[in-house]
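Report on the following structure.
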Ligand code: SF4
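Chains as they are written, first to last, in the working numbering: chain A, 194 to 391; chain B, 138 to 600.
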């Protein structure tokens, strides 16, 4: 997993709440058996019409918007547990997702792929959406070490939460599997002492 | 202070606590299917890691499979490859695999309980959000992503923060025509699509206790639709009776011993939940959704609400636009061309019996395509044994072979663009049943009644 520390980038606004994983990547694009190439199907049914033509109204298709940060409405990533949602976002080029609320499984999946979910207040979201609609070059700064996010050039600045464990993993590029495998003996001991209830 | 059911099962599975309330949680049963496992197998392979406990894994093919002619090769290239890959991986690692054509094949959340793998007090995970279904037995069951599937493969454990606990109590007697599906659609409509995020839910109260195991599974299944990690129900005699005699469940003295332990799996009287809700069963009516998330549900005879005056207003309007429905409109009388009875929410034998009892001697309306997809081969065989297949075909309903089917439209069972489908599945997201498809979620009874009438009716008028 790649390391994460600080990111300053323009951001793409998606002021829609309850964006579910079927919108992030429709089920018909889950048939691959590897992790690559999901970016081209990200938000597919919103980005393209039935004939595969780009929908000019959708933020990802507008030249004025670009960046490594996606800012979305409340309850982002609800629905299925498909990690393909996180893969499609990272493959497309996002490193941070900002929302006022994240679905649990999505949050875990994102963190397991070095994609940082930053939960901000409703007010932060509104200020950003307002500002970016006037100036699409508005930048956001995400500082993981100090757990701070700000809209660059404004007084809009907040702290965000992340578990100490996950923060360490992201900053160092570790993942859970290495750690779990290192616990083998303790896990075997647990199994030996386990009270069977069935 | 007393403990909740959730606390009790959780504590039994903590291998170790690391910093800040993060636990290493042991997994008793790991279910896998073709869509979310291939990358996990590659991952452990690339890292040169062995499978830690293959005997705690069960595999089946469900998401991608066709529902006709399952004995033939899968036509769709990518689907076939994905299913083949699962077979290869299971062979290689000697994992128990219920492949297409096997009598135990079916939707992963239908076969686990039905074969007796799902038991009270277990921790159960699967790379699928509706793993919450298994909580109906008093297990802690939740969906995980593919990286976590690899973690469980490599260590039989997960790194988890303990969720908060919520209890939803439904007391009283359910009215005629109100099924388990209506109970959960009602609860989600009250709490909204994110009302449970961060929580693990326990369902309790006399109305929940009165449900069969099938009904309880329907309720727990949709916990994820409020954002909850999972849902669970304390095991009782209904649970024990269901388990008795199942293929892979304990039997004889072993079962007696187990039941003795399982009886302790309930929340203590003085247990404190982080959040509690109480509902009266008498307030619940047959439900239907009108929008594009499962929280957008109303009583069948109610009118579609006005745009809320909150930050959700844009999303609400977008949903109605997608559905081509209007605030203030009633759904009664709306012509419908497709009904889908299936999915891990409502494809068990009890659901099929419910539908058969209603459609027996009736005929579906001409404009309707009525598809019934059993949750498993066992359900299909049982339905045939009971002669339900004959009732269905006489009524013009098509009984298919088992799989996820039109629940997520990864196979060829899709709803055409712009058309409406009354579906007994769990998600009405945009495009869930095919690009542009418009899904209205309901109970199997409403779906059956709609198929007969050719339009949405208040099923209570016909009972
Ligand atoms: S039936 Fe639908 S919800 Fe259930 S496991 Fe299959 S795709 Fe998922």
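Just so you know, even glycine gets a beta-carbon here, dropped at the ideal spot from N, CA and C. Here the structure is a predicted model, which is why all the values come from computation and not from measurement.
| Query | Result |
| --- | --- |
| Contacts that residue 562 of chain B makes with chain A (C-beta to C-beta distance below 7 Å) | Within chain A, no residue comes near residue 562 of chain B; the closest Cβ sits about 12 Å away, beyond 7 Å. |
| The ligand SF4 heavy atom lying under 7 Å from the CB of residue 220 of chain B | no |
| Sequence-distant residues of its chain with Cβ nearer than 6 Å to residue 246 of chain B (five each side left out) | 267, 270 and 481 |
| Spatial neighbours of residue 277 of chain B in its chain, beta-carbon cut-off 8 Å, leaving aside the 5 residues before and after | 143, 146, 147, 150, 259, 260, 261, 337, 367 and 369 |
| Beta strand (DSSP E) segment containing residue 227 of chain A, residue limits | Here residue 227 of chain A belongs to no beta strand (DSSP E), and DSSP marks it neither H nor E. |
| Distance between residue 338 of chain A and residue 356 of chain A (C-alpha atoms, nearest Å) | 12 Å |
| Which residues DSSP lists as bridging residue 553 of chain B, in chain order | Answer is none; residue 553 of chain B lacks a bridge partner. |
| Short CB-CB distance (under 8 Å) between residue 568 of chain B and chain A | yes |
| Buried versus exposed call for residue 156 of chain B [16 or more other C-beta atoms within 10 Å across all chains shown] | exposed |
| Cα-Cα separation between residue 182 of chain B and residue 285 of chain B, rounded to whole angstroms | 15 Å |
| Sub-8 Å separation of residue 577 of chain B and residue 426 of chain B beta-carbons | yes |
| Any non-hydrogen atom of the ligand SF4 closer than 7 Å to residue 489 of chain B Cβ | no |
| Residue 478 of chain B versus residue 561 of chain B: straight-line alpha-carbon distance, rounded | 5 Å |
| Close Cβ partners of residue 368 of chain A (< 8 Å) along its chain, the five nearest in sequence each way excluded | 194, 305 and 362 |
| Contact test: residue 244 of chain B Cβ vs the ligand SF4 heavy atom, cutoff 7 Å | yes |
| Proximal residues of chain A, C-beta to C-beta of residue 406 of chain B below 8 Å | By Cβ distance, chain A contributes nothing, its closest Cβ being about 21 Å from residue 406 of chain B, past 8 Å. |
| Rounded C-alpha distance that separates residue 517 of chain B from residue 511 of chain B | 6 Å |
| Chain-order list of residues whose beta-carbon lies under 8 Å from that of residue 554 of chain B (same chain, five-residue window excluded) | 571, 572, 573 and 574 |
| 6 Å Cβ shell around residue 297 of chain B - same chain, five flanking residues per side excluded | 160 and 162 |
| Beta-carbon proximity list for residue 240 of chain B, same chain, < 6 Å, skipping 5 on both sides | 514 |
| Near-chain A residues of the stretch 542 to 557 of chain B - C-beta to any C-beta below 8 Å | 545, 546, 547 and 554 |
| Among B:275, B:192 and B:252, the one whose alpha carbon lies nearest that of residue 290 of chain B | B:192 |
| Beta-carbon neighbours of residue 94 of chain B, restricted to chain A and to distances below 8 Å | Any answer about residue 94 of chain B is impossible in this case: the structure gives chain B only from 138 up to 600. |
| Short CB-CB distance (under 8 Å) between residue 427 of chain B and chain A | no |
| Residue 240 of chain A: contacting residues in chain B (beta-carbon distance under 9 Å) | Neighbours of residue 240 of chain A on chain B: none; closest Cβ ~12 Å, over 9 Å. |
| Range covered by the beta strand (DSSP E) that runs through residue 240 of chain A | Premise fails: residue 240 of chain A lies in the alpha helix (DSSP H), 237 to 240, not in any beta strand (DSSP E). |
| Residue-chain proximity (residue 296 of chain A, chain C), Cβ-Cβ < 8 Å | Within the model displayed, chain C is absent; protein chains A and B are what it includes. |
| Within 8 Å, strictly: CB atoms of residue 344 of chain B and residue 309 of chain B | yes |
| Stretch pair the stretch 464 to 477 of chain B + the stretch 496 to 507 of chain B: three plus CB contacts closer than 8 Å | yes |
| Residue 162 of chain B: CB within 7 Å of a non-hydrogen atom of the ligand SF4 | no |
| Interface residues of chain A facing residue 281 of chain B [CB-CB closer than 8 Å] | 274, 298 and 301 |
| Given residue 383 of chain B as reference, the closest of B:139, B:248 and B:180 once Cα atoms are compared | B:248 |
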